[in-house]
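A quick write-up on the structure given underneath.
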Amino acid sequence: MDDEIRFDTKIAVLLRDDLATWQRLNVTAFLVSGLAKAEPELLGLPYVDADGTEYLPMFRQPVLVFEGAKEQMAVSHGRVLGRGILHSVFTADLFATGNDRDNRAAVKAVARDQLDLVGIAVHGPKNAVDKILKGARMHP
Numbered sequence: 012m013d014d015e016i017r018f019d020t021k022i023a024v025l026l027r028d029d030l031a032t033w034q035r036l037n038v039t040a041f042l043v044s045g046l047a048k049a050e051p052e053l054l055g056l057p058y059v060d061a062d063g064t065e066y067l068p069m070f071r072q073p074v075l076v077f078e079g080a081k082e083q084m085a086v087s088h089g090r091v092l093g094r095g096i097l098h099s100v101f102t103a104d105l106f107a108t109g110n111d112r113d114n115r116a117a118v119k120a121v122a123r124d125q126l127d128l129v130g131i132a133v134h135g136p137k138n139a140v141d142k143i144l145k146g147a148r149m150h151p
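For the sequence shown, my numbering begins at 12 and goes up steadily by one.
Printed below as a string of structure tokens:
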């Protein structure tokens, strides 16, 4: 009997390959929070330990993290837009802000094709996500 749970969808984060470690972690955390808000069904049930202490739910499926050069970010962003898949973005400008209001203003101030993307998170059908990320490599 095969007990492995298989998913028809994929959650993936694409990070620009020139980020410092702290930036990679920060960007990943921010990006996946957008997916959880946009698609609450991605979350599983709350966790409970043997003592009955309850913990917050997390994603039901793995989050795969990829990396690519600045050019890869632009190509993947174009692909995700072309497929109409909901996604979150993080731009280099957001490293200089300190709150959600200023983050949104920083993104709004730049045209879509001029965004200095350092991260993208997507959730969608496996095939579509694979095509969006074609050319990126798994994060080491």
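Ideal Cβ positions, reconstructed from N, Cα and C, are used throughout, including at glycine.
Of the residues the options, the one placed nearest residue i, counting alpha carbons only
i: threonine 102; options: Arg112, Ala117, Ala31, Ala40; result: Ala117
i: glutamine 83; options: Pro136, Leu56, Val129, Ile16; result: Val129
i: valine 100; options: Phe41, Val59, Asp14, Phe70; result: Phe41
i: alanine 107; options: Ile22, Asp60, Val43, Val38; result: Val38
i: glutamine 125; options: Asn138, Lys81, Gln72; result: Lys81
i: glycine 93; options: Asp14, Ala139, Gly63; result: Ala139
i: alanine 132; options: Ile16, Ile96, Trp33, Phe18; result: Ile96
i: valine 43; options: Lys119, Arg115, Asp113, Pro73; result: Pro73
i: leucine 46; options: Gln34, His98, Arg115; result: His98
i: aspartate 204; options: Lys21, Val59, Leu30; result: Any question about residue 204 goes unanswered here, given that the chain covers just 12 to 151.
Collapsed DSSP secondary structure at residue i in the structure displayed
i: methionine 84; result: helix
i: leucine 144; result: coil
i: valine 38; result: helix
i: proline 51; result: helix
i: arginine 71; result: coil
i: alanine 23; result: strand
i: leucine 46; result: helix
i: leucine 128; result: strand
Expected contact under 8 angstroms - CB spacing of residue i and residue j to nearest Å
i: histidine 134; j: leucine 36; result: Their Cβ separation, rounded to whole angstroms, is 20 angstroms, which puts histidine 134 and leucine 36 out of contact at 8 angstroms.
i: alanine 67; j: proline 51; result: The question names alanine, but residue 67 is leucine in the sequence shown. At roughly 13 angstroms, the Cβ-Cβ gap does not stay under 8 angstroms, so leucine 67 and proline 51 are not in contact.
i: methionine 149; j: phenylalanine 77; result: 6 angstroms
i: glycine 79; j: arginine 123; result: Between arginine 123 and glycine 79 the Cβ distance is about 18 angstroms, and since that is not below 8 angstroms, they are no contact.
i: leucine 105; j: alanine 23; result: Not really, about 20 angstroms apart at Cβ, beyond 8 angstroms.
i: proline 136; j: aspartate 19; result: 6 angstroms
Environment of residue i [buried if 16+ CB atoms lie within 10 Å]
i: aspartate 111; result: exposed
i: valine 91; result: buried
i: lysine 48; result: exposed
Exercise for the section: Report yes or no: do the region 143-151 and the region 85-105 share at least 3 C-beta pairs separated by less than 8 angstroms? Expected result: At 8 angstroms Cβ cutoff, the stretches touch.
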